[in-house]
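Trainee: Note that my numbering numbers the sequence shown so that position 171 is 158, with each residue one more than the last.
For every residue, glycine included, the Cβ atom is placed at its ideal position computed from N, Cα and C.
Note that the structure is a prediction, hence the values are computed from the model and not measured.
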Amino acid sequence: MIEVMRAGLCDLVMDTGRPGWRRLGVPAGGAADPAALQVANQLVGNPPDAAGLEIVGRGPHLHFPRGGVIALTGAPFRAARAAGLTAGWNQTLVLAASEILRIETPDAGYRCWLAVRGGLAVPPVLGSASTLPQAGWGGHRGRPLRAGDTLHVGRPEGGVRLMRAQAPVDRGDDAPVRVVSGPQSAAFDDAGLAAFFGGRFRVAAESDRRGLRLAGPCVTGSAADWPTQGVLPGAIQVPPDGQPIVLGWDGPATGGYPVIATVISADWPRLAQARPGDRLRFQTVTVDQARMLVAGDTWTVSEWA
């Protein structure tokens, strides 16, 4: 059992999502960086698709009346345990009974993931525990956590092993977000393409899990109206105002704006850590390069020596 003493900015129960329902307009959703959640689960001995917490911007204060085994991955938030001990990242942590975990804010990045041994026990919706806030279902009562909430934990299996993980190499905040050409890239004129690939865009405050709204050079040259088409997370639409929108994990299944490019899978974790005010730039790669990059972008997990 976990008691929420203070809620964070947006704490959502997430697993790896509910693929297969987009034809009915339901996004797959799930953790913004699935690999980070899966590794957190591995560190506590859970199945990779067990439900954990996705924590955004400022974290919660959580009370563990019976103790527990947890792991934190993703952006390194400032976090403290009992007696002022710092909560380590990317490793198995054993909490004593009545211990309080205080997660504050990150120095860099925007999201982290918390796994607890046994997984968070919430009723599945369409086969997933993930919260879909705009629909008001999934997760814990279909919403972010609030102070006073109680989360239940599933029954763990097997013994506890102390593990640690190494994240993929961070390319740095100034590295470009890599994309492949979108299905309507040829519809943009030279000035529009130059603005998109040569400019820097600020992540707007209105961004959320549905999409990152960008502010920067005006991307011009495409028709204002476009036939409705299927879209996926990472697709970059350009509405009539010329300010791109990177569709997110809870984004729509269809869209009526032209898609100039699509963020490659290897850089989705970068999108997960983009916070309002950050600046992004884009670089095109080929589909073959994108496949090679995602294949080589892996975590390593080992037991403590």
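Nearest CA to the CA of V103: which residue from P143, P47, V233?
Mentor: If you number the sequence shown from 1, residue 103 lands on position 116. It is P143.
Trainee: Grab the span of the beta strand (DSSP E) containing R257 for me, first residue to last.
Mentor: Indexing the sequence shown from 1 puts residue 257 at position 270. Premise fails: R257 lies in the alpha helix (DSSP H), 255 to 259, not in any beta strand (DSSP E).
Trainee: If you compare alpha carbons, which of P21, G32, L107, G203 is closest to C99?
Mentor: Sequence index remark: in the sequence shown, residue 99 carries index 112 (1-based). Ranking P21, G32, L107, G203 by Cα distance to C99 puts P21 first.
Trainee: Are the Cβ atoms of G12 and G4 separated by less than 7 Å?
Mentor: Here residue 12 refers to the residue found at position 25 when the sequence shown is read from its first residue. Here residue 4 refers to the residue found at position 17 when the sequence shown is read from its first residue. Going by C-beta atoms, G12 is not nearer than 7 Å to G4.
Trainee: Please classify Q29 as buried or exposed, where buried requires at least 16 neighbouring CB atoms within 10 angstroms.
Mentor: What you label residue 29 is simply residue 42 of the sequence shown in a count that begins at 1. Counting Cβ neighbours within 10 Å, Q29 comes out buried, since at least 16 surround it.
Trainee: Kindly confirm or deny that the stretch 104 to 119 and the stretch 130 to 145 touch, where touching means at least three C-beta pairs closer than 8 Å.
Mentor: Because the criterion of three Cβ pairs below 8 Å is met, the stretch 104 to 119 and the stretch 130 to 145 touch.
Trainee: Among the candidates V206, A192, T207, R257, whose CA atom is the shortest distance from the CA of G221?
Mentor: The residue given as residue 221 occupies position 234 in the sequence shown. Among V206, A192, T207, R257, the Cα nearest to that of G221 is on R257.
Trainee: With 16 as the cutoff for other CB atoms within 10 Å, does T287 come out buried or exposed?
Mentor: Start at 1 with the first residue of the sequence shown, and residue 287 comes out as number 300. Exposed, since its Cβ has fewer than 16 Cβ neighbours within 10 Å.
Trainee: Hey, how far is the Cα of P35 from the Cα of D2?
Mentor: As a working note, residue 35 is residue 48 in the sequence shown. As a working note, residue 2 is residue 15 in the sequence shown. For P35 and D2, the distance between alpha carbons rounds to 9 Å.
Trainee: Can you tell me where the alpha helix (DSSP H) with V156 in it begins and where it stops?
Mentor: Here residue 156 refers to the residue found at position 169 of the sequence shown. Unbroken run through V156: none, as it is neither H nor E.
Trainee: On the CB-based measure, 16 or more other CB atoms within 10 Å of its CB, does W236 come out buried or exposed?
Mentor: Taking the sequence shown and counting its residues from 1, the one referred to as residue 236 is at position 249. By the 10 Å Cβ count, W236 comes out buried.
Trainee: In the DSSP output, what is H50 paired with across the bridge?
Mentor: As a working note, residue 50 is residue 63 in the sequence shown. Answer by DSSP bridge pairing, in chain order: E(-10), I87.
Trainee: Have a look at A248 and P63 and give me their C-alpha separation to the nearest angstrom.
Mentor: For this step, residue 248 is matched to residue 261 along the sequence shown. For this step, residue 63 is matched to residue 76 along the sequence shown. Near 30 Å, if we compare the C-alpha coordinates of P63 and A248.
Trainee: Going by the C-beta, is P52 closer than 6 Å to any heavy atom of the ligand COA?
Mentor: In terms of ligand content, the structure shown is empty, and the ligand COA therefore cannot be addressed.
Trainee: Taking A58 as the reference, give the member of V43, Q230, L101, P120 with the closest Cα.
Mentor: Walking along the sequence shown from the start, residue 58 turns up at place 71. Residue L101 is the option with its Cα nearest to A58.
Trainee: Nearest CA to the CA of H48: which residue from G(-5), G179, Q78?
Mentor: Counted from its first residue, the sequence shown places residue 48 at position 61. Nearest C-alpha to H48: G(-5).
Trainee: Of all the beta strand (DSSP E) runs that stay within the bounds of the stretch 163 to 208, which reach a length of 3 or more residues?
Mentor: 164 to 168, 188 to 190, 198 to 202, all fully within the stretch 163 to 208.
Trainee: Anyone know if the C-beta pair for F188 and V206 falls short of 7 Å?
Mentor: The residue labelled residue 188 in the question sits at position 201 within the sequence shown. The residue labelled residue 206 in the question sits at position 219 within the sequence shown. Not a contact, by the Cβ cut-off of 7 Å.
Trainee: With DSSP run on the structure shown, which of helix, strand or coil describes D296?
Mentor: Given a span of -12 to 292 for the chain in the structure shown, any question on residue 296 remains unanswerable.
Trainee: Would you tell me roughly how many angstroms separate the C-alpha atoms of G75 and H50, rounded to the nearest one?
Mentor: The sequence position of residue 75 within the sequence shown is 88, counting from 1. The sequence position of residue 50 within the sequence shown is 63, counting from 1. Rounded to the nearest angstrom, the two C-alpha atoms are 17 Å apart.
Trainee: Can you list, in chain order, the residues of its chain whose CB lies under 7 Å from that of V26, leaving out five sequence neighbours each side?
Mentor: For the purposes of this step, residue 26 is taken as residue 39 along the sequence shown, with counting starting at 1. Correct list, in chain order: T60, A152, W286, V288.
Trainee: Could you tell me which of L113, P131, Y244, M(-8) sits nearest to R196, measuring between CA atoms?
Mentor: Residue mapping note: residue 196 aligns to position 209 of the sequence shown, counting from 1. Answer by Cα proximity: P131.
Trainee: So the beta strand (DSSP E) L(-1) belongs to, where does it begin and stop?
Mentor: As a first step, residue -1 is located in the sequence shown; it is residue number 12 there, counting from the start. It spans -3 to 1 - the beta strand (DSSP E) in which L(-1) sits, taken as one unbroken run.
Trainee: Could you check where the beta strand (DSSP E) with V233 kicks off and where it finishes?
Mentor: Stepping through the sequence shown from its first residue, residue 233 is reached at position 246. Here the beta strand (DSSP E) through V233 covers 232 to 234.
Trainee: Under a Cβ-count criterion, where at least 16 other Cβ atoms within 10 Å of its own Cβ denotes burial, should G46 be classed as buried or exposed?
Mentor: Position 59 of the sequence shown holds residue 46. Under this definition G46 is a buried residue.
Trainee: Would you call W255 buried or exposed, if buried means 16 or more other Cβ atoms sit within 10 Å of its Cβ?
Mentor: Numbered from its first residue, the sequence shown carries residue 255 at position 268. It counts as buried.
Trainee: Restricting to runs no shorter than 3 residues, where is the beta strand (DSSP E) found entirely within the stretch -1 to 84?
Mentor: Qualifying beta strand (DSSP E) stretches, in chain order: 39 to 43, 48 to 51, 55 to 61, 64 to 67, 80 to 82.
Trainee: Note down the Cα distance separating G129 from G123, rounded to an integer number of angstroms.
Mentor: Numbered from its first residue, the sequence shown carries residue 129 at position 142. Numbered from its first residue, the sequence shown carries residue 123 at position 136. Taking the straight line joining both Cα atoms gives about 4 Å.
Trainee: Kindly list the residues whose CB is nearer than 6 Å to the CB of T215, restricted to its own chain and excluding five residues on each side of it in sequence; keep chain order.
Mentor: Taking the sequence shown and counting its residues from 1, one reaches residue 215 at position 228. Answer for T215: T241, G243, listed in chain order.
Trainee: To the nearest angstrom, how far is the alpha carbon of P245 from that of F175?
Mentor: Your numbering for residue 245 matches position 258 in the sequence shown. Your numbering for residue 175 matches position 188 in the sequence shown. Near 9 Å, if we compare the C-alpha coordinates of F175 and P245.
Trainee: Spell out the partners DSSP gives R98 in its beta bridges.
Mentor: Taking the first residue of the sequence shown as 1, we reach residue 98 at position 111. Per DSSP, V43.
Trainee: Do G186 and G169 have their CB atoms nearer than 7 Å?
Mentor: Here the question's residue 186 lines up with position 199 in the sequence shown. Here the question's residue 169 lines up with position 182 in the sequence shown. For G186 and G169, no; Cβs fall outside 7 Å.
Trainee: Would you mind working out which of R68, D177, V233, V218 sits nearest V190, comparing C-alpha positions?
Mentor: The sequence position of residue 190 within the sequence shown is 203, counting from 1. Ranking R68, D177, V233, V218 by Cα distance to V190 puts V233 first.
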